[in-house]
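Right, one structure below, let's go through it.
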Amino acid sequence: MTSTANKAHKGVATEHKPKPRMSRNTNNENEAKARKGALFLVGAVIAYIIYLIVSGQMSSFIEALREVDMRWVWLAALCYAFYFFFGVIAYAIAVVLDHESPVGIRDLMSVEASGVFFGNLTPMMAGAVPSQILRLTHTGLDAGEASATQFTRFIMFQLGVVLFAAIMLIAKFRFFLESYGDIVILNLVVFGVHFLELVALFVICLCPSFVRTIGNWSINFAERHKWMRNPEHARELVNVQVQEFADAFRRAAQDMPSMLLTLVVTMAQLASLYVIPWFVLRAFGHNADFLACMAAGSMVQMVASAVPLPGGTGGAEGGFALFYGPLFAESAPAGYLVWRIVTFFAPTLLAAPLLGLRSDSGVSIYHRWMRLVGRESGTATVKGGFRFKKTSLSHEKSGTAKKRGKIPGVASVDLKSLNKKHK
Numbered sequence: 059m060t061s062t063a064n065k066a067h068k069g070v071a072t073e074h075k076p077k078p079r080m081s082r083n084t085n086n087e088n089e090a091k092a093r094k095g096a097l098f099l100v101g102a103v104i105a106y107i108i109y110l111i112v113s114g115q116m117s118s119f120i121e122a123l124r125e126v127d128m129r130w131v132w133l134a135a136l137c138y139a140f141y142f143f144f145g146v147i148a149y150a151i152a153v154v155l156d157h158e159s160p161v162g163i164r165d166l167m168s169v170e171a172s173g174v175f176f177g178n179l180t181p182m183m184a185g186a187v188p189s190q191i192l193r194l195t196h197t198g199l200d201a202g203e204a205s206a207t208q209f210t211r212f213i214m215f216q217l218g219v220v221l222f223a224a225i226m227l228i229a230k231f232r233f234f235l236e237s238y239g240d241i242v243i244l245n246l247v248v249f250g251v252h253f254l255e256l257v258a259l260f261v262i263c264l265c266p267s268f269v270r271t272i273g274n275w276s277i278n279f280a281e282r283h284k285w286m287r288n289p290e291h292a293r294e295l296v297n298v299q300v301q302e303f304a305d306a307f308r309r310a311a312q313d314m315p316s317m318l319l320t321l322v323v324t325m326a327q328l329a330s331l332y333v334i335p336w337f338v339l340r341a342f343g344h345n346a347d348f349l350a351c352m353a354a355g356s357m358v359q360m361v362a363s364a365v366p367l368p369g370g371t372g373g374a375e376g377g378f379a380l381f382y383g384p385l386f387a388e389s390a391p392a393g394y395l396v397w398r399i400v401t402f403f404a405p406t407l408l409a410a411p412l413l414g415l416r417s418d419s420g421v422s423i424y425h426r427w428m429r430l431v432g433r434e435s436g437t438a439t440v441k442g443g444f445r446f447k448k449t450s451l452s453h454e455k456s457g458t459a460k461k462r463g464k465i466p467g468v469a470s471v472d473l474k475s476l477n478k479k480h481k
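Numbered by the numbering used here, the letters in the sequence shown go through residues 59 to 481 in order.
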């Protein structure tokens with residue numbers, strides 16, 4: 059993601075060209091899917107309560123909830139807060155590469171909250187990426203820059219999911235085999251599906267021409283047999299978005315240290331999520347192997363994300379019962395509810411108020427960081443306005459002042475002369 063330096067008149071702010079935005083239809087579709095997902099989840103909760111009553115587990119469920127140690131529940135909630143925090147940091151690493159990016163920290167909090175909210179309320183988290191791109195365009199990025207930022211983040215997140223699961227499977231394979239027997243095959247199948255998804259992403263990134271050729275041939279074949287209702291939309295996806303996806307990845311790959319740092323942050327983010335069941339177990343007075351709980355947590359999330367229902371409904375319940383049911387014993391229904399509240403229901407509700415957050419200081423994240431570490435003291439980029447530049451006397455006298463590239467709609471102003479006028 060880079061800002062292109064265009065010609066600008068000295069001392070005069072140039073006009074901002076209107077940046078392309080994503081279609082409002084995308085936003086409306088996401089909101090419609092979110093509403094349907096919310097209604098579906100309400101129905102799922104009601105069905106769960108009816109199941110507890112019919113199966114005669116309601117009394118033990120209520121009794122287990124009474125004995126919960128809330129200190130551990132709050133620690134579990136803190137882990138999810140770290141999950142959200144690391145998500146924002148991962149975006150910030152991508153944004154800081156553009157020194158004049160208009161995106162601020164509160165903007166990124168809104169972007170991350172959008173992924174949580176729309177991802178939780180749509181099947182297989184399908185609404186997360188479009189909603190996050192839309193939120194990024196609201197910060198002042200054009201659609202291409204927003205897509206590049208989001209696609210890079212998406213790839214690194216998927217890589218983190220697969221890498222984390224691989225590490226956990228290798229570290230605790232014997233535990234899975236001894237504790238769950240043939241169920242370990244399910245672990246391998248789920249891991250294999252996500253691994254193939256990651257391979258497909260890298261094929262798109264590294265071989266876009268090959269993907270376009272195969273994609274167009276498939277669309278033409280389906281169109282001849284009248285299997286496709288909207289072939290033009292599919293062609294746009296193959297011929298335009300595939301190339302944008304590949305270009306975004308290649309630009310990001312030019313800065314490998316930042317990509318590796320993003321991967322490390324993503325791994326920390328996933329660890330914060332996968333460790334939550336261990337804290338829930340402790341809340342019910344049970345103890346378990348810490349690393350084994352993280353390994354099981356990664357498997358549960360992978361199973362849930364593969365189910366095409368809002369919130370992974372069905373997959374989340376099945377995965378939790380499969381991997382954590384024996385550890386919770388009779389308190390499994392109550393344990394599932396607490397875990398689901400901490401990792402799903404509460405974050406979805408709390409994310410809604412954050413969707414409207416906006417950064418208004420105008421100073422880019424890069425310049426804020428440079429000031430924080432003391433490597434810069436007088437440069438600020440004001441979103442949608444001017445660029446103020448402070449040049450040291452020693453540099454002016456020696457004639458070695460470094461020229462900075464201008465961006466559209468931005469002019470350079472000498473702070474010293476500006477202060478004299480005010481005096």
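Even glycine gets a Cβ: it sits at the ideal position worked out from N, Cα and C.
Source: prediction; values computed, not measured.
Range of the contiguous alpha helix (DSSP H) that encloses residue i
i: residue 166; result: 163-178
i: residue 120; result: 116-124
i: residue 399; result: That residue, residue 399, is in no alpha helix (DSSP H); it is neither H nor E in DSSP.
i: residue 241; result: Where residue 241 is concerned, there is no enclosing alpha helix (DSSP H), given that its DSSP letter is neither H nor E.
i: residue 145; result: 128-154
i: residue 377; result: 373-386
i: residue 268; result: 266-282
i: residue 197; result: Where residue 197 is concerned, there is no enclosing alpha helix (DSSP H), given that its DSSP letter is neither H nor E.
i: residue 389; result: First-last for residue 389: undefined, no H or E at that position.
i: residue 336; result: 334-341
i: residue 296; result: From DSSP, residue 296 is part of no alpha helix (DSSP H); its letter is neither H nor E.
i: residue 427; result: 423-430
Nearest-angstrom beta carbon gap, residue j and residue i [assumed within contact, 8 Å]
i: residue 399; j: residue 161; result: In fact, because the Cβ distance is near 32 Å, the residues do not count as touching under 8 Å.
i: residue 233; j: residue 350; result: 5 Å
i: residue 170; j: residue 146; result: 5 Å
i: residue 137; j: residue 272; result: Actually they are not in contact, since the Cβ atoms of residue 137 and residue 272 sit about 42 Å apart, beyond 8 Å.
i: residue 149; j: residue 211; result: 6 Å
i: residue 206; j: residue 270; result: With a Cβ gap of about 19 Å, residue 206 and residue 270 do not count as contacting.
i: residue 173; j: residue 184; result: Contact doesn't hold; Cβ gap of about 12 Å is too wide.
i: residue 134; j: residue 402; result: Going by Cβ atoms, the distance from residue 134 to residue 402 rounds to 12 Å, so no, they are not a contact pair.
i: residue 22; j: residue 175; result: Summary: the structure shown does not reach residue 22, with the chain confined to residues 59 through 481, and so no result is reported for it.
i: residue 164; j: residue 356; result: Contact flag wrong, Cβ pair sits at about 31 Å.
i: residue 410; j: residue 385; result: With 8 Å as the limit, residue 410 and residue 385 do not qualify as a contact, their Cβ atoms being about 33 Å apart.
i: residue 194; j: residue 208; result: 6 Å
i: residue 362; j: residue 374; result: 4 Å
i: residue 266; j: residue 277; result: Between residue 277 and residue 266 the Cβ distance is about 16 Å, and since that is not below 8 Å, they are no contact.
i: residue 364; j: residue 251; result: 6 Å
Residue i, DSSP secondary structure in three states
i: residue 366; result: coil
i: residue 405; result: helix
i: residue 160; result: coil
i: residue 453; result: With a pLDDT of 40 at residue 453, under the threshold of 50, the modelled position of this residue cannot be trusted, and the question is left open.
i: residue 442; result: Only weak support is given to the placement of residue 442: the predicted model assigns it a pLDDT of 47, under 50, and the value that follows is read from those uncertain coordinates. It is coil, neither helix nor strand.
Status (buried if at least 16 other CB within 10 Å, exposed otherwise) for residue i
i: residue 219; result: buried
i: residue 387; result: exposed
i: residue 455; result: With a pLDDT of only 40 at residue 455, under the threshold of 50, the placement of this residue in the model should not be trusted; the figure read from the coordinates follows. The residue in question, residue 455, is exposed, as its Cβ has fewer than 16 Cβ neighbours within 10 Å.
i: residue 240; result: exposed
i: residue 287; result: exposed
i: residue 151; result: buried
i: residue 222; result: buried
i: residue 283; result: exposed
i: residue 331; result: buried
i: residue 431; result: exposed
i: residue 275; result: exposed
i: residue 425; result: buried
i: residue 382; result: buried
i: residue 258; result: exposed
i: residue 127; result: exposed
i: residue 352; result: buried
Spatially closest choice to residue i from the options, by CA coordinates
i: residue 143; options: 329, 131, 365 and 224; result: 329
i: residue 177; options: 166, 189 and 387; result: 189
i: residue 391; options: 119, 100 and 183; result: 119
i: residue 131; options: 110, 242, 309 and 394; result: 394
i: residue 139; options: 263, 427, 408 and 227; result: 408
i: residue 262; options: 382, 302, 327 and 385; result: 302
i: residue 253; options: 141, 360 and 180; result: 360
i: residue 214; options: 319, 100, 99 and 97; result: 319
i: residue 159; options: 433, 429, 428 and 420; result: 420
i: residue 123; options: 316, 97 and 341; result: 341
i: residue 323; options: 373, 238, 141 and 208; result: 141
i: residue 300; options: 317, 313 and 268; result: 268
i: residue 102; options: 370, 397, 406 and 305; result: 370
i: residue 204; options: 317, 314, 305 and 99; result: 305
Contact test: residue i Cβ vs the ligand FMN heavy atom, cutoff 7 Å
i: residue 366; result: For the structure depicted, the ligand FMN is absent and the ligand set is empty, with no information on it obtainable.
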